[in-house]
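The structure appears below as structure tokens.
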Amino acid sequence: AGRAVPRAGLPLGRRGIASCLDPSTGLTEDQKEFQNVALDFAAKEMAPYMAEWDEKEIFPVETMRKAAQLGFGGIYVKPDVGGSGLSRLDTSIIFEALSTGCASTTAYMSIHNMCVWMIDTFGNEEQRRRFCPSLCSMEKFASYCLTEPGSGSDAASLLTSAQRKGDTYVLNGSKAFISGGGDTDVYVVMCRTGGPGPKGISCLVLEKGMPGLSFGKKEKKVGWNSQPTRAVIFEDCVVPVGNRLGAEGQGFSIAMQGLNGGRINIASCSLGAAHASVLLAQEHLTVRKQFGEPLANNQYLQFRLAEMATRLVAARLMVRNAARALQDGREDAAVLCSMAKLFATDECFGICNQALQMHGGYGYLKDYAVQQFVRDVRVHQILEGTNEVMRMIVARNLLQG
Amino acid sequence: QAIDDDCNQTGQLLAAMLDWPQGTFASRVQLEDGGAVRVEREVDGGLETLRLRLPAVLTADLRLNEPRYATLPNIMKAKKKPLEVIPASDLGVSGGSPRLKVLQVQEPPARAGGEKVENVAALVEKLRHSGRI
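For the record, the sequence lines run as chains V and L. First residue of the first sequence? That's 1 in our numbering, and the numbers climb one at a time after it. First residue of the second sequence? That's 1001 in our numbering, and the numbers climb one at a time after it.
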């Protein structure tokens, strides 16, 4: 009943891939090196385990620490605090490559990277030196805390309060859907120190073990199972003023600037998953026979595969274009990041889903990797700003006076 | 085997010149007490294990080790590493010019089509005729 498809994200050492899909085109020699390291790491250290991590809900701490040893813990963080000092485009290339091994774990690593960057960029010297080195090495892990039960897309309406008392803030409230929550050590928390709206929000760095900081139950999810998701609860949680990043009222801006990069990273994770899925589909089409012929002889399936590849390349270009805009500090960077996130996450989910369809019944079995890519990238259309919010951002850019 | 000419001779030549023992195609190397090394070699018939007195010359088979991943910082530093060029004369080495000259490199001839024969007798006749047997 048909040979089982190799159980891996990206077949090991598969350099002889179709040239139209080659993710290394247009890259510098250095970028190709980074990409190769990341692809090798993904094939050897992640792909063989992605199913087990998903099934057993394992947070692969040791594997991520190995990745951090290669410099993947703070890719765009400055080297003086342990980061790799690379560009946003380099980062996108790396996450895209790692995601071929496990999209869920790579997505968590991208969230971690985003948090370290926020501390690196908006923290003072003391905060940078206190937090960044151990985060870059992934001796400690970080979580990004913005969403609350009552405020998702309407993030600026968040309610978690931080009352100033002497040289501390006392936090009350809760955050929802926090990736890594409960297992991570450092929490970058957006909370209200002032009046309503974005200008009343500040950014505080909390650490596990602080009195008054607790966690909800581990959520059961459709995908992203290699990262735990929990509510983060603050009950008279006392945080030193010295843990505030930037000025009071700057928190929302810090959060949004973090998300610009975060959106490129999440989109990059979708790209990697889609690429792996296209290769799996391509392999299946050549192996599986029906009506006396390999599926690959069927013109409908050939056309479908071609469409998938075309959309993947288009999405990749959108993401890399946005990465360049962000690293160059262009004015249109934020809206390009939103467009790229919207386009890539939507297209790539479609590609993964189509790849599953091409596998027929086998695609629905957990023995085959394609279903995990589908489940893992589905949430990319929702978090770090829903794709509806992405449309809001683009429309505002088009229609503003 | 050398990555350029695949000749499989440098390690062996060196051992002969130094009159040191050699362990080539090493897939496992264990240092032992008393100045010896235990070498497992990949040979055509399987694995051969030798104990060599040090100093010795070893050549590595690809099964000897798993290469480390290059780290991102090291990849970036690689371009800036100094490349020191030392003329052979500075090291007191004479006769340093290559003794091997490449005369020609060519692809093997394209595979010509085979020929079908009627029966075994015809096959034997053809093989004898072409000098194969």
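Glycine included, every Cβ here is placed at the ideal spot set by N, Cα and C. These numbers come from a predicted model, not from an experiment.
Note that the stretch 282-295 of chain V does not touch the stretch 144-155 of chain V; fewer than 3 beta-carbon pairs, one per stretch, sit closer than 8 Å.
Here Phe252 of chain V is buried. Its C-beta has 16 or more other C-beta atoms within 10 Å. Contiguous alpha helix (DSSP H) elements confined to the stretch 357-381 of chain V occur at 370-378, taking only those with 4 or more residues.
Between Gln357 of chain V and Gly363 of chain V, the C-beta gap is smaller than 8 Å, which places the two residues in contact.
The beta carbon of Gly329 of chain V sits closer than 7 Å to no other beta carbon from its chain once the five residues preceding and following it are set aside. For Leu301 of chain V, no beta strand (DSSP E) segment is defined; the enclosing uninterrupted segment is the alpha helix (DSSP H) at Gln299 to Gln327.
For the set V:Arg128, V:Ile266, V:Ala107 and V:Ala255, the Cα lying nearest the Cα of Pro228 of chain V is the one of V:Ala107.
Non-local beta-carbon contacts of Ser137 of chain V in its own chain, meaning distances under 8 Å to residues more than five positions away in sequence, involve Arg65, Ala68, Gln69, Gly73 and Gly82 in chain order. Runs of the alpha helix (DSSP H) lying entirely within the stretch 32-57 of chain V, each at least 4 residues long, are 50-56 in chain order.
Every unbroken stretch of the beta strand (DSSP E) spanning 3 or more residues and falling wholly within the stretch 114-187 of chain V is given here in chain order: 142-145, 161-165 and 168-179. Among the residues facing chain L, Val77 of chain V is not included, as its CB has no counterpart in that chain under 8 Å away. Unbroken alpha helix (DSSP H) runs of no fewer than 4 residues, entirely contained in the stretch 1056-1096 of chain L, are found at 1072-1078, following chain order. Neighbours of Gln69 of chain V in chain L, taken as residues whose beta carbon is under 8 Å from its own, are Thr1071 in chain order.
A straight-line Cα-Cα distance of about 8 Å links Lys366 of chain V and Ala51 of chain V. DSSP places Cys1007 of chain L outside any alpha helix (DSSP H), giving it a letter other than H or E. Between Ala281 of chain V and His380 of chain V, the gap from beta carbon to beta carbon reaches 8 Å or more. Looking at V:Ala334, V:Lys289, V:Gly272 and V:Ser277, the one whose alpha-carbon comes closest to that of Gly262 of chain V is V:Ala334.
Your pair Ser226 of chain V and Pro60 of chain V checks out as a contact, with CB atoms roughly 6 Å apart and the cut at 8 Å. The straight-line gap separating the alpha-carbon atoms of Pro23 of chain V and Ser277 of chain V is approximately 14 Å. Against chain L, the CB of Leu206 of chain V has no partner CB under 8 Å away; the residue lies outside that interface.
With the criterion set as a beta carbon lying under 9 Å from some beta carbon of chain V, the members of the stretch 1075-1109 of chain L are Ile1075, Met1076, Ala1078 and Lys1079, in sequence order.
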